[in-house]
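Just so we're aligned, residue 5 is where the sequence shown starts under our numbering, counting upward by one.
Glycine included, C-beta positions come from ideal geometry on N, C-alpha and C.
Computed from a predicted structure; not experimentally measured.
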Amino acid sequence: MAFLEIKNASKTYRSGSSRTEVLTDINLEIAEGEFVAIVGYSGAGKSTLINFLSGLVQPDTGTATLEGAPITGPGPDRGIIFQNYSLLPWLSVFGNIALAVDRIYPQWTAEQRRAHIEKYIAMVNLTPARDKKPRELSGGMRQRVSVARTLAINPRILLMDEPFGALDALTRATLQQETLQIWESDKKTVVLITNDPDEAILMADRVIPLTAGPRATLGPSIPVTLPRPRIRAELNESYDFKQIRAEVIDYLLKATDRRKGGVSKTLTLPDIEPEDVRTRGLINIGRRPVRRGERKKEVVES
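In structure tokens, the structure reads:
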């Protein structure tokens, strides 16, 4: 039995009379302590997939389970790091993290909770900014707060929904390395959602491509056998890295080509010529567009 599993899951969203099947036939098994990255196009349904695991979204068909038990809603055993930080603007760095810690550990003394919060603020290198509000922080610092808040509740599983997607390249690289260092220290189970194959290979034990939507589904699991710790600058010179990267990208591109080739439509265009706006004037008022078959040649004698 897998530690974390999605089996035969699908999801359709409805709006009025229209319906879009976002995900279909999703099957995923994750071992405890494993770092898995799911790579796919924007809008393919990656966030919906990870929300099966968080319990924020229920599949229409199939199941999502943790140690064999159905996932029916959110819980403190699964921490989520979102792309948009989700910080309360009127609270400081300390206050945003305390909000989660106070909820999860109400039995602790105030001193225990304070020490615990300070530990995680220091872990993400934000001690000098502990009393600042989100508006006083850079994007990278806000994401550090989000990471610290999630880690401070000590979840068994860390769900990361494109957490570095909105950051500049240098800040993203820094946070990637810091997250890997934190993961190496306690080896939590991690599921990373990303549209960056390089990021997935840098961080994960396995990379799984998600095809383009609608009706997106998971492709084959691609193991990342590169030794840890991994440094992005060094990976660029690695033959194994290039091979894995090529395999991931090749599958995504071929899956997209197959989908494009599988739809055939015949379009019938109207037999109407557009109006020549250069001759528009009073003489054109009330005239309808002219069909090609209606055009006649006339000889005018002068």
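One alpha carbon belongs to G99, the other to R82, and they sit about 21 Å apart. In this chain, the alpha helix (DSSP H) harbouring F56 covers K50 to S58. Segment contact: the stretch 234–246 against the stretch 67–76, fewer than three CB-CB distances shorter than 8 Å; contact not assigned. Its chain contains no residue whose beta carbon lies nearer than 6 Å to that of L174 once the 5 sequence neighbours on both sides are disregarded.
Under the rule that a run must span 4 or more residues, the alpha helix (DSSP H) segments found entirely inside the stretch 105–158 read 114–127 and 143–156. A buried status is given to R148, since no fewer than 16 other beta-carbon atoms sit within 10 Å of its beta-carbon. E241 carries a coil assignment under DSSP once its states are collapsed to helix, strand and coil. Here L163 really is in contact with V195; their C-beta atoms are around 5 Å apart, less than 8 Å. Take the alpha-carbon of Q116 and the one of P132: they are about 21 Å apart. The stretch 55–64 makes no contact with the stretch 37–44: fewer than 3 CB pairs, one atom from each, lie closer than 8 Å. With 16 or more neighbouring CB atoms inside 10 Å of its own CB, S96 falls in the buried class. E166 is the residue among L141, E166 and S142 whose C-alpha sits nearest the C-alpha of Q180. For T178, the enclosing alpha helix (DSSP H) stretches over residues A173 to D190.
Within the stretch 194–239, the runs of alpha helix (DSSP H) at least 4 residues long that lie entirely inside it are, in chain order, 201–207 and 236–239.
Counting C-beta pairs closer than 8 Å gives fewer than three between the stretch 64–71 and the stretch 221–239, which falls short of the contact rule. The alpha-carbon separation between G79 and G59 amounts to approximately 8 Å. Separation of L103 and Q111 (C-alpha to C-alpha, rounded to the nearest whole angstrom) is 14 Å. A13 is bridged by DSSP to I30.
In the DSSP annotation of this structure, G77 is not part of any beta strand (DSSP E), being labelled neither H nor E.
DSSP, read as helix, strand or coil, puts F168 in coil. Taking the C-beta atoms as reference points, T69 is found no nearer than 9 Å to I125. Secondary structure at E36: coil, using DSSP grouped into helix, strand and coil. Contact check between the stretch 215–231 and the stretch 17–33: three or more CB pairs, one atom from each, fall below 8 Å, which counts as touching. Comparing alpha carbon positions, the residue from K137, D106 and F86 closest to W94 is K137.
A distance of 9 Å or more separates the beta carbons of I121 and A177. The Cβ neighbour count for R153, taken over all protein chains shown within 10 Å, is at least 16; the residue is labelled buried. Counting only the Cα atoms, T113 lies some 52 Å from Y255. Between V151 and I197 a beta carbon distance of about 15 Å is seen, past the 8 Å cut, so the two are scored as non-contacting.
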